[in-house]
Each structure stands twice: as C-alpha cells, then as structure tokens.
RNA sequence: GCCGGAGUGGCGGAAUUGGCAGACGCGCCGGAUUCAAAAUCCGGUGAGGGCAACCUCAUGUGGGUUCGAGUCCCACCUCCGGUACCA
C-alpha cells in the first residue's frame, strides 16, 4: 500500500538535494537577487525548539518561491556559538567549551537539515570559528582605528584626527592619549556588578534587588577598566537611518525610544562665593559658554529651560565628580554614607519606580541664573550620573519626580506655568499643591509672563546663550556600549598593553598586527572563577599572556567580547564565507547587500539590531561596505506558546473554588478572598462548558476556570520538541502547521490536533494524485492527460493567483487554506487533469518540499520541482459567468440575485428592482435612496 | 505609570481595507463503507425562536459617523508583550 510516508520521502529528498547541490548559491547573482536571512540561533544543548522552525520555514518559503521566480537567492544559516551556557558547562565538567559547542552545532545542523530548509550549507559559519572571529577582531580594530567627526557626522581614520597645537607640543604620549580619548573603541572605568561570593562580574540581568540571581549573594558595584564602544556618536545617524527601512513601526519606535533623543539646554549655576559672582558673570559674558563649566559652576541639562524660574533646588547624582567639593564639613558623614549605600544598589534597583525618593543635603547652595536667588544643592539617587550632566535643576511645580522629592523634604514649590483655564486641577497647581507637567502660559517669570511654553523655552535659551550661562543641547538616553566581558568563551580582544622594564603597564596600547590575527583563546586547566574581578584569560600561561614585539614586552588584553560581537556582522560573512584576505570581497558585497528580508524574534528588536546597524555604519564610513543600512526589511515572527491549559482551583478541604474568587497574596501565592490557600488542578476541556466569556465546570456552572496558553518552558513542561513532531507527522507537516497556525507575526498557542489537521491535508494531496489502493506506487486512475473543464480551470487559476499574492505578502496561512480548497475540490473530481496537478504541486512545493518532490517525480517531472518556474495565472480564466450578489434593504440582506460580474451599476439596479421578491418587500414603502456597487451589492433605502 | 499589540463560533483563525461576518483547519453531530474498529468518503455545525418558508440577535462594552461598520471616530474594560525616575 503506497501510503504517504514522510520519513522515507523526506530523508530521500534531503539526500538528493545535498548530492545534487540543488540549493548551492553562485558567487555572484545573475539577474535579480534576493538575500533572505534568518537570525542565526545560539546552539543550546536543548536543541531546536518549535519557535526556530517558525521563522525558518517562513524564510524558506520565501527563498524557494523567489528561486522559482527566477531570482538568485542567498539563503544561509550559521551559529551564534559564543556564550555563557557553554562556559558554565565547562566550569562544571572541565570540558572545553569548544567541544560542547561542536556537539550542539552538529545536533542543530541535523535538526535543521531534517526540516528540509533550502540553505546553502557550503556557506555555514559559526562565530566561534577562528576563520570567522579573526574578522570580528579585525572589525574591532577598525573601530579602534576610527574617530567620529561631528562636523561631517562620519567616522574617519584616527590618523586624520586633527591634533590641537598644545597637545602636539606636549609630545608623543600626549598625542597618543588625545587619540585614545576619541577612538570609537576606548577604555574607561565603568561600574560593574561584582559579586565577591561568586567571584565574578555579573550582567545587569543577572542581578536582582542587589543580589545575584544565582545564590542570592550580595553584589557590589565597583569601577573596573572596561572597553566601551562610542555608539552614542552614531545616535543621530542611527535615528535617521530608520526612516528608510521597511521595518514594523513598533520596532522602529522601540529603537527610537532606546536612542531617546531629547532637546533642551545646558545651564550653568554659579556655586562660588557671592563676592566672586559679578566677575564670573562678566567673564562669561565675554568668553561665552565654555565646554567645561569650571570649578565654580554646576552644569545641568534640562528639557524645560522655560521653567528655570521655578527651579527651587538642585540635585547631583551620588557619583557626580563635584559631590565631595560641594559637601559641607558638617554634612560630610551623611553624604558619604548616602553615596556608599547608593553604590550597592544596582542600576535596576535604583531606577525601580515607586520606591520613594531619598536624598541628602550637601550643605551648599547655587545661584539660580535667572532669579539670582540661592537654592540648595542635594545629592539623590533619582538623578542618574550617566545621563545629561549628572546634575539637575529641580522644578517641583512641573516635574513629578522633583515634586515627590520636594514634598518628602519640604522644599519650596513655585509654579511658573499656568495650565489652560479649563484644567480641572488648576487651582491646586497654582497653589503649588499639584504638579503640572504640560505646556501653558508662563507666570512668576518676570519678563516672560503670559508667553507660551515653547516661546519661553526659545527666548530663555537665547538669553542664557547671550550671557554665556547656557546653550541649546541635545541628549540621548543611549549610552556607550560596554563591550568587554570577564568571560572565557568569547572573542579575545586583539589588543596588547605595553609593559615597562618592571613588568608594569605603561598605559600605551597597541593593536595586534593584522598578520597575527586571529588571537586565539588559550587552553586553560580549569574555567572556574578565581575570586578576583579579573577575567579568566588572566589565568592563561605566560606564553599566551605575554608577547614580545619590536623589542617591547606586552601583556594581552584578557577581557573578551560580548556575544553581540559575532552577531553584529555575520550577514556580511555569508556572502564571502571563506575569504582569507578580506572581511568580504567588495564586488560580492555590492551585488548581494543589503539583506532583503530578515526574520527573527522580537526579543532582538533593540540591542542586536541596533548594534548591528552601528557596526555596519562604521564599516560604511570606512569604506568596507557600500550600503548605509544592513537590513532592508525586517519581520518579527510571533511567539509560539504551549497548548492551552485549563486551570481549576480547590480549597484546603478539596472543594472547587471559582477562579473569580481566587487572587494572589503579596508573595504571589494563590489565595481566596479570605486569604486561605488554594491548590491548582489541571482540567481537560471535556470537563468544561463555556458560559458567556468564561469557562466553567460541567459539574457545577458556578465554578469558573482559568484558560490560558503559557510560554513554553522546561519547568512548566509544555515544551514541544520538533524531533518528536517530525517523527510522528513528518517535516512537511511541521512546516505547514507552523505556517497555518495564524499570521507569522502573531503570538499563537500550539495545538497538537492542528498538526494532525495539516497532516490530514497532505494525506489528501497524496491521495489526490497517488493510487493508494495499488500495491506499487502509481498515479491515481483519476489523473488524466486532459484539459480542465471551465470550473476546474477557474479553480486552478484562482489558486495560482491567491497563493502567489499571499506568498508575496507572507500571508502563508491563507495561501495554505486556498490550497486546501483546491485539494478538496479536485479530490471530489472524477477526472483530474495531470497538468493542473503538476501546477498545483509547484505551488505547494515551497511549503511542503519533500512531498512535492515525490509527487512531481511521479507526475513525470525529471528534475527537482525546486527548479521549476512559478506558474502564472490567466485573468481570463478567473472570470465567472455569473455571480450572486445580495440585495439589501436598509443595509440588511434580504434577497440574492444572479448577475454577470460586469453588469453596470444601472442594470444592476434594474435587475434588482425587477425582482419580484424585491418588489414584494418594497410594497407600501417609499424608496428613498438606491445604492449599487458593481460586482458587490445593491442597497435600497426605504421608509 | 508609560509605550506597543490584541479582543470575532467550543478552539486556531478568515474577511479583496467601509460592502453577503465566520473562508480554511480542529473539535463535535449525522450518514456511507466495515462482522467490528481504525482509516476513508459524504453531509451538517454562531446563538435564540418557528412544523416550515423564515424571523430576531450576534465581531470586548457604551456612544457616534454612514445607505451600509469586525473594519472609521470618541470614551471605557480586559488580556498579552515591552519598558521603567533619562530631567
């Protein structure tokens, strides 16, 4: 019995494709090109989960479809294989991460091949390959060799950096330092999360409430020399570049918000003695607003210079460099202890809202530049050191945070913006009892009263600029990118630190010469942390750690790059994966770039995509790539959740409790309204009824039940393994099901019965063509070398049209629905013209390639169906001789009439009004209005 | 709090963008085939009412625009995701 047997067919055709090189991509495209890219996976030990094939199937369909349309397609795959899990595995087992990584990549490769994706496997790369990370290191050196020229908004070689005379005179060392301060890759002291117990530095995500996520040990923030990338210089370019991209608006918005551009002004507040103030003001009037405020001024950044008259105090961040000098002796202890406490809090904790605001007075005051009055300076951790100038002017009347702080510490509130007269809380606002953050008319602002916010902003900034006390300024939330990790399993930095004769670093850095790349990872005895905030590479043998070059001794940089590094540019390497001389051949780059379609999860909406764009722009500025943006079109696949779960509740006595009466206590445990604990019972849908909006127990309709699908997770036990699905249903079924579940971008719950549904469809396709009663594999007797009749021809061409359009629009679910209709239609037919079957198989091939190869062969195809060209539909065949349209009366369908589809408006109306059923309905009524839409409907408005 | 996205049958989802709501699939019901079952094939399936032809009600809720609203506007509710003092 020749039943559809996926496991046999699928392995056969996968071997065929590999043997024949069916999907090998030429070096250069001939004719139109399409670069279709997946976000490459991290090869975890768990193998693929069903979320991977979702995006991969979508791109595979697009890639196969594009090939059939005659485009040259680049559709590659690779592995983002540096990362923490392999290192943790190494710490536990002593096995080199490379070994485990290799094993995982092999497993992923097996799984990916099992799904029949049309990747060009000759181009596969892993970020951990030496031949790959050699170029990651090389790009780092490009960043190191680049400075950002603000004037031209462009990265340029460091050799072109203009050196001021004074620096030049100070000698080589000063020039070196001057350059180092301007490179896109630079070292700086950054605060890291150091956990002494674990003996390691942690990422922000690994720290919760000031404690390590693993173990719950205290984490301290300590400054450590770190590599940073000056992504902030590219903020404006990264923002502007978004305009031209075909990305989901939501993702663009996320990136915009992340970059967080704001405009306002920097303002200097005088902090010296009163006697020194006049000369200071005078000098400012003549010299203008300086780059450096000097020691007698405190500089703030504000987006609301119009509220300067309402600034009643100032706040500096605990890490602000002036904290010490601003602190009065009698406040010294309080300030010191406050700052110490703040240093223990993680960024996350400090910025965790609703926690109330705390602060401490420094004892000193500053002069408000517009009122001339003295206002107190506080230290508080609600001001962030890393944003703006790390200091603010506080305007409690018009800033919610300042207001909250002012109320706590009883600081004055002076309203300077009058809300619109119809504002419900206007009185409270004017009395300084309520905070108002929106725009209005200035009050209590001598010289500006009555003017509107925007106007006041402008003129206050103008006046400050004229007096040398302020200047318009732009700020970004985006921070420079902390680029080094104290980890083993990452790319080593290709940087050498010069040592003096005593073996101490001189501070001079030197890039590893190009010919010496890659800098490989050393072999370590063990990978365990060693209790100092120093990277594991510092434990390497001396012959790795120390280098002699041109008679000088150097110590290697021992930090490694973050996982982002390798994923920042992999899309370029696919184009020229084995080039040993260059990152990428410029000719190939020009032909293939940019990526035409990039599909992946939304979790990379900000970081990966922003980092990648940043590197790409630097490479662009330095002439290594030809296009300013890497990813033309981006599509985010939605998450696949586990099967829907029904959850009921029971009290301690075991009696069912309605979900409506179940809440959560402070610790998140489920309890009844009276506070007693409830237990959770998992239910089957056979036990349930639906009443209105909710599910209830069949046995007792008073008892409500929760119904929800959850994110797949090991702990919940709802993870679906692709291996199992392929084994049970076949790869084509898995592919098809994931595409049929719903729109690609939507979040959707898994349903095993649905997989059975699409398998059912493939079985029907098989039986439509194959004689399943015969002993050997042969065509069904219904397949004939005959012409389609009119309705078959229409069905065929409508299907070609729908599948073409839907595949173009990536509406795979509706394309599949249409192919199901086709199959249902032709299964019923006694005669199935072979030509129609062949055309249909071509349409289905991108979706279910294995099955289609098999049936294609059976229908007489000689080559792979993947090499066929995509069919065209014939408009003439689509036209139906007559269509049924509704006749509405007052917008409600009453009667249906049959007309030819090209009937004119007037004759439609004539036919409708001539219909006796319509006439009967119109009796005793007055026809007020008649609407006819050709090919659609007739609507009669009557009274 | 803020920013996104979404609410349509028992379930997943369709709906040429303002024109017959529920395509397609699952599930369920009935029939055929079978000694029986599986598989397969055929038919039915939003709710309520009626013997029936038919009627009424239905796209989270309430209003509005329109000949006509799942689709547009206003107000609100719920869920999901992201984000968090950026001055």
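In my numbering, the protein residues as written are 1 to 943. For glycine and all other residues, C-beta sits at the position ideal for the given N, C-alpha and C. Owing to the predicted nature of the structure, the values given are computational and were not obtained by experimental measurement.
ask   = What's the C-alpha gap between residue 353 and residue 249?
value = Annotation note: pLDDT 47 at residue 353 (below 50); position unreliable, no value reported.
query = Taking DSSP as the reference, what is the three-state secondary structure of residue 894?
reply = Residue 894 falls in the strand class under three-state DSSP.
request  = State buried or exposed for residue 788, treating a residue as buried only when at least 16 other CB atoms are found within 10 Å of its CB.
outcome  = Burial call: buried.
ask   = Do you know how far the Cα of residue 68 is from the Cα of residue 804?
value = Taking C-alpha positions only, residue 804 is separated from residue 68 by approximately 11 Å.
query = To which residues of the same chain is residue 445 closer than 6 Å at the C-beta, ignoring the five residues directly before and after it?
reply = By the criterion of a C-beta distance shorter than 6 Å, residue 445 is surrounded in its chain by 309 and 416, once the five residues flanking it on both sides are discounted.
Euclidean distance between Cα positions of residue 98 and residue 546 = So the alpha carbons of these two residues sit roughly 23 Å apart.
When 178, 108, 376 and 720 are compared against residue 159, the one with the closest alpha-carbon = Among 178, 108, 376 and 720, the Cα nearest to that of residue 159 is on 178.
message = Just verifying my parser: in three-state terms, what is the DSSP assignment at residue 364?
response = Reduced to three states, the DSSP call for residue 364 is strand.
key: Nearest-angstrom beta carbon gap, residue 746 and residue 251 [assumed within contact, 8 Å]   = Contact between residue 251 and residue 746 is ruled out by a C-beta separation of about 15 Å, above the 8 Å threshold.
task = For residue 752, count neighbouring C-beta atoms within 10 Å of its own C-beta (all shown protein chains included) and say buried if the count is 16 or more, exposed if not.
result = By the beta-carbon neighbour count (other beta carbons within 10 angstroms, threshold 16), residue 752 is exposed.
request  = Could you spell out where the alpha helix (DSSP H) holding residue 253 opens and where it closes?
outcome  = Residue 253: member of the alpha helix (DSSP H) spanning 249-259, first to last residue.
key: Where the alpha helix (DSSP H) containing residue 760 begins and where it ends   = Where residue 760 is concerned, the enclosing alpha helix (DSSP H) stretches over 752-769.
inquiry  = Relative to the C-alpha of residue 756, which candidate in 808, 779 and 732 has its C-alpha closest?
reply    = Nearest of 808, 779 and 732 to residue 756, Cα basis: 732.
query = Can you tell which of 340, 487, 360 and 264 has its C-alpha closest to the C-alpha of residue 455?
reply = Relative to residue 455, the option among 340, 487, 360 and 264 whose CA is nearest is 264.
query = Skipping 5 residues on each side, what residues in its chain have a beta carbon closer than 8 Å to that of residue 946?
reply = Outside the modelled stretch of the chain, which goes from 1 to 943, sits residue 946, for which no answer is possible.
ask   = When the Cα atoms are used, what is the spatial distance from residue 578 to residue 131?
value = So the alpha carbons of these two residues sit roughly 8 Å apart.
query = So, helix, strand or coil for residue 279, using DSSP?
reply = In the three-state DSSP reduction, residue 279 falls in the helix class (H, G or I).
request  = Could you work out which residue in 638, 726 and 783 is closest to residue 944 when comparing CA atoms only?
outcome  = One cannot answer for residue 944 here, as it falls past the ends of the chain, which runs 1 to 943.
inquiry  = Once the 5 residues before and after residue 494 are set aside, which same chain residues still bring their CB inside 7 Å of it?
reply    = Correct list, in chain order: 137, 140, 141, 511, 512, 517 and 519.
key: residue 790 versus residue 881: straight-line alpha-carbon distance, rounded   = Roughly 10 Å separates the two Cα atoms.
ask   = By Cβ distance, which residues of its chain are closer than 7 Å to residue 168, with the 5 residues on each side in sequence left out?
value = In chain order, 175 place their CB closer than 7 Å to the CB of residue 168, counting only its own chain and leaving out the 5 sequence neighbours on each side.
inquiry  = Looking at residue 375: is its Cβ nearer than 9 Å to the Cβ of residue 334?
reply    = Not a contact, by the Cβ cut-off of 9 Å.
ask   = So residue 739 is in the alpha helix (DSSP H); what residue range does that whole segment cover?
value = It spans 731-740 - the alpha helix (DSSP H) in which residue 739 sits, taken as one unbroken run.
request  = Can you have a look at residue 12 and say buried or exposed, based on whether 16 or more other CB atoms are within 10 angstroms of its CB?
outcome  = Around the beta carbon of residue 12, fewer than 16 other beta carbons sit within 10 angstroms, so the residue counts as exposed.
query = Helix or strand or just coil, what does DSSP make of residue 348?
reply = Unreliable positioning characterises residue 348 in this predicted model, as indicated by a pLDDT of 49, which lies under 50. A coordinate reading is not provided.
message = Can you list, in chain order, the residues of its chain with a C-beta nearer than 8 Å to that of residue 94? Leave out the 5 residues immediately preceding and following it.
response = Excluding sequence neighbours, residue 94 sits near 526 and 527.
ask   = Which class does residue 857 belong to by DSSP, given the choice of helix, strand or coil?
value = Shown here, residue 857 sits in a helix according to DSSP, grouped into three states.
message = Within 10 Å of its beta-carbon, does residue 101 have 16 or more other beta-carbons around it, so buried, or fewer, so exposed?
response = The residue in question, residue 101, is buried, as its Cβ has 16 or more Cβ neighbours within 10 Å.
ask   = Do residue 267 and residue 470 have their CB atoms nearer than 9 Å?
value = Yes.
ask   = Contact between the segment 605-624 and the segment 554-567: three or more CB pairs below 8 Å?
value = In short, these stretches touch, since the Cβ pair count reaches three.
key: residue 643 - DSSP class collapsed to helix/strand/coil   = DSSP places residue 643 within a strand segment (E or B) once states are collapsed to three.
inquiry  = Please return the same chain residues whose Cβ sits closer than 7 Å to the Cβ of residue 677, not counting the five positions on each side in sequence.
reply    = These residues qualify, in order along the chain: 652, 669 and 671.
key: First and last residue of the uninterrupted alpha helix (DSSP H) at residue 623   = Taken as a continuous stretch (DSSP letters only), residue 623 belongs to no alpha helix (DSSP H), as it is neither H nor E.
Alpha carbon of residue 259 to alpha carbon of residue 795, nearest angstrom = If you take the alpha carbons of residue 259 and residue 795, they lie about 51 Å apart.
request  = Determine, using beta carbons only, whether residue 481 and residue 229 come nearer to each other than 9 Å.
outcome  = A contact, by the Cβ cut-off of 9 Å.
request  = With a threshold of 16 other CB atoms inside 10 Å of the CB of residue 927, please say whether the residue is buried or exposed.
outcome  = Here residue 927 is exposed: its Cβ has fewer than 16 other Cβ atoms, across all protein chains shown, within 10 Å.
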